[in-house]
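Heads up, the thing below is written out as structure tokens.
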Amino acid sequence: MAATTTFFRPLLPSNSYKSRAVVDSPFVSVPRSSIPYSSPSLQLRSLVSDHRRKSNGKLRRVSDIVSSAATTEPLTVLVTGAGGRTGQIVYKKLKERSDEFVARGLVRTKESKEKIGGEDEVFIGDIRDPSAIAPAVQGIDALVILTSAVPQMKPGFDPSKGGRPEFYFDEGAYPEQVDWIGQKNQIDAAKAAGVKQIVLVGSMGGTNINHPLNSIGNANILAYDSGCYGGFSYYNAACEIRAGGLQDKEGGIRELLVGKDDELLETETRTIARADVAEVCLQALQLEEAKFKALDLASKPEGTGTPTTDFKALFAQVTTRF
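Residues in the sequence shown are numbered consecutively from 4, following this note's numbering.
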């Protein structure tokens, strides 16, 4: 049960999703008729009339564009784990782009809700309880999963004496309950509610059962922290982002790198800013190139390479699908 290879991902029929493309009806200019020479006043009236026709045409075109754009509704997106350090950034970014998204959050405690503003659209619920998830997913277009089990440091550790701290997980809050069962509950609830898209954030290292992080609390955290549940592959719009070591640094100033099957762990580029992970989540919600893909994500050190701005090209580097 510990290794992700235990679970088979069936290739189920893709469910449809509505197109959000904005179609702008082309403006057709009608050539002006030749006006024979006559009195200056007639020429003036002709010029005024011609200007009005052109102006009216431009106004009609602008009106068409505005009318067409108004028919495109923002995506309603639920962020689970919105009280976490990365979840807070994703939730904030969604709210900042209110023309593109309607933000919702799911947190576990009242304190976490207050920490991110206490808005009405922030729900309180435990992902280990399917009934607690259902209200939050009703009416949403997309789900961003950022929940994860969190190890606790055993008391009494003194860094001045050297050595390494020891960790444990609270009873019922092991990776198996949170990252596996909780993840499954979220995906099942989303399917039941007709949610059309999921972005799942996990960690690199899941291909190695002997990875040092799996020894924390003897809980095999990386083995459970991935989209190994077969229901995830049901979504033709699914995207799994397996991030490298998360850093609390400014985003948007580094060149991002993508890979697969933990290839990036064999390089020196194995970390990424939480803000960059958050931005990739939002881009994955909007780009076709991100759909039905699982990718590892890291970045070059600050000051090397070119900061990534073309996310379509970034996702296109991963050619394999689930």
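Backbone N, C-alpha and C define an ideal beta-carbon position, used for all residues, glycine too.
- Residue 292 sits in a helix when the DSSP states are folded into three classes.
- Going by beta carbons, residue 321 and residue 298 fall inside the 8 Å limit.
- Residue 318 has its alpha-carbon roughly 6 Å from the corresponding atom of residue 292.
- Residue 156 counts as exposed, since fewer than 16 other beta carbons sit within 10 angstroms of its beta carbon.
- For residue 160, there is no enclosing alpha helix (DSSP H), as DSSP marks it with neither H nor E.
- Listed in chain order, the beta strand (DSSP E) runs fully inside the region 177-245 are 200-206, counting runs of at least 3 residues.
- When the beta-carbon positions are compared, residue 182 and residue 145 stay at least 8 Å from each other.
- Residue 120 and residue 106 have their C-alpha atoms spaced approximately 12 Å apart.
- Judged by DSSP secondary structure, residue 90 falls within the alpha helix (DSSP H) whose first and last residues are 88-99.
- The C-beta separation of residue 82 from residue 140 comes to about 12 Å, leaving the pair out of contact by the 8 Å criterion.
- A check of alpha carbon separations from residue 78 across 174, 198, 276 and 173 identifies 198 as the nearest.
- Membership of residue 281 in the alpha helix (DSSP H) is indicated by the continuous run 277-287.
- A Cβ-Cβ distance of about 20 Å is found for the pair residue 277 and residue 130, leaving them out of contact under the 8 Å criterion.
- Taking a contact as a CB-CB distance under 8 Å, the pair residue 206 and residue 228 counts as one, their CB atoms being some 5 Å apart.
- Assignment of residue 170 by DSSP, reduced to helix, strand and coil, places it in the strand class.
- Taking the Cα of residue 149 as reference, the smallest distance to any Cα among 94, 221, 267 and 256 is reached at 94.
- Separation of residue 220 and residue 169 (C-alpha to C-alpha, rounded to the nearest whole angstrom) is 8 Å.
- With fewer than 16 other beta carbons inside 10 angstroms of its own, residue 163 counts as exposed.
- Note that the C-beta distance between residue 302 and residue 279 is below 8 Å.
- Listed as beta-bridge partners of residue 126 by DSSP are 109.
- Of the residues assessed, residue 116 falls on the buried side of the cut-off, its CB having 16 or more other CB atoms within 10 angstroms.
- For residue 135, the enclosing alpha helix (DSSP H) covers residues 133-140.
- Beta-carbon to beta-carbon, residue 315 and residue 242 are separated by about 13 Å, too far to satisfy the 8 Å threshold.
- Note on geometry: alpha-carbon atoms of residue 76 and residue 114 lie some 32 Å from one another.
- By the CB criterion at 8 Å, residue 136 and residue 189 fall inside the cutoff.
- With respect to residue 110, residue 97 sits apart: the two C-beta atoms are not nearer than 8 Å.
- A check of alpha carbon separations from residue 286 across 244, 213 and 251 identifies 244 as the nearest.
- Taken through DSSP and simplified to helix, strand or coil, residue 151 comes out as coil.
- If the five residues before and after residue 222 are omitted, its C-beta is found closer than 8 Å to the C-beta atoms of 152, 154, 172, 177, 178 and 179, all from its own chain and listed in chain order.
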